[in-house]
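Numbering (my numbering), first residue to last: 939 to 1183.
No residue lacks a Cβ here, since even glycine has one placed at the ideal position from N, Cα and C.
These notes concern the structure reproduced below.
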Ligand code: TMP
């Protein structure tokens, strides 16, 4: 596979075109940002770790019938993916109150939600990724009503699968962010990544609010041991996949 030119550089990944127009190469970076890139840093090994975690999760999701953009890994920090047009939406699923949900509603951190909450944010850095209503999303024509319904259904299905999977790793899935894309046949595929950058993951047996954190909140809140937490998540994922075989 020959890699052509840089198509797009995001905060965590660089996308390259390849000799096949249907295939892109995603190169995962060690760069870390938070709060819409107001906080910047680097997490050593993050590119390899997040790419490996996301690749394992995409393959597990495919086995459960969810279509993803994953193809394979030419290198541990690289993922070949199906070329899709990313919908400008950040789809957040929450099981437990944390982060912006607590800040915006006053719900206490750790409140278990009676049912999962699916939220849509406008993927637009200039506007600071604002929370959307369904009507605003439709007004802006960011997706069709049918696509919103299908994505909501997929997000809930993915949540059920991931909650179980992470529990098998001794990890509680608090919340996470998904991105979806359209392939050349207008099919909706799960895209981007699922990793400690995009999920809140708490060690199930730990109750201390700082010690339990195994995700990017360690970087956001300067909790320390960021690399160790990411590596621990990867090792737990690999072990869970191995025991499933
Ligand atoms: P929030 O509580 O800050 O809204 O975040 C909800 C989830 O979405 C959390 O697991 C982190 C993830 N997330 C991203 O992946 N990218 C982002 O830009 C933001 C704000 C959150």
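In this structure, residue 1022 lies away from residue 963, with their beta-carbon atoms at least 9 Å apart. If you ignore the 5 residues before and after residue 1173, its C-beta comes within less than 6 Å of no other C-beta in its own chain. Residue pairing by DSSP places residue 1109 opposite 1141 in a beta bridge. By the Cβ neighbour-count rule, residue 1028 is buried, with 16 or more other Cβ atoms within 10 Å of its own.
For residue 991, the enclosing alpha helix (DSSP H) stretches over residues 984–1001. In the DSSP assignment, the residues bridged to residue 1032 are 1055, 1113. Its chain contains 1027, 1029, 1070, 1075 as the residues whose beta carbon lies nearer than 7 Å to that of residue 1058, once the 5 sequence neighbours on both sides are disregarded; these appear in chain order. Counting only residues of its own chain and dropping the five nearest sequence neighbours on each side, residue 1133 has a CB closer than 7 Å to the CB of 988, 991, 992. DSSP places residue 949 in the coil class of the three-state scheme, outside both helix and strand. A distance criterion of 8 Å places the beta-carbon of residue 1114 in contact range of the ligand TMP, judged by its closest non-hydrogen atom.
Considering only 1052, 1166, 1088, the residue with the shortest C-alpha distance to residue 1126 is 1088. Beyond the five residues adjoining it in sequence on each side, residue 1055 comes within less than 6 Å, by CB distance, of 1032 in the same chain, given in chain order. The beta-bridge partner set that DSSP reports for residue 980 consists of 969.
Relative to the Cα of residue 1128, the nearest Cα in the group 1138, 1115, 1163 belongs to 1115. Within 10 angstroms of the beta-carbon of residue 1141 lie 16 or more other beta-carbons, which makes it buried. By the neighbour-count criterion, in which 16 or more other beta carbons inside 10 Å mark a residue as buried, residue 1041 falls on the exposed side. When beta bridges are read from the DSSP output, residue 1118 appears opposite 1128. Contact check for residue 1101 and residue 1094: beta-carbon distance about 11 Å, past the 8 Å limit, so the pair fails to qualify. At least one heavy atom of the ligand TMP falls within 8 Å of the beta-carbon of residue 974.
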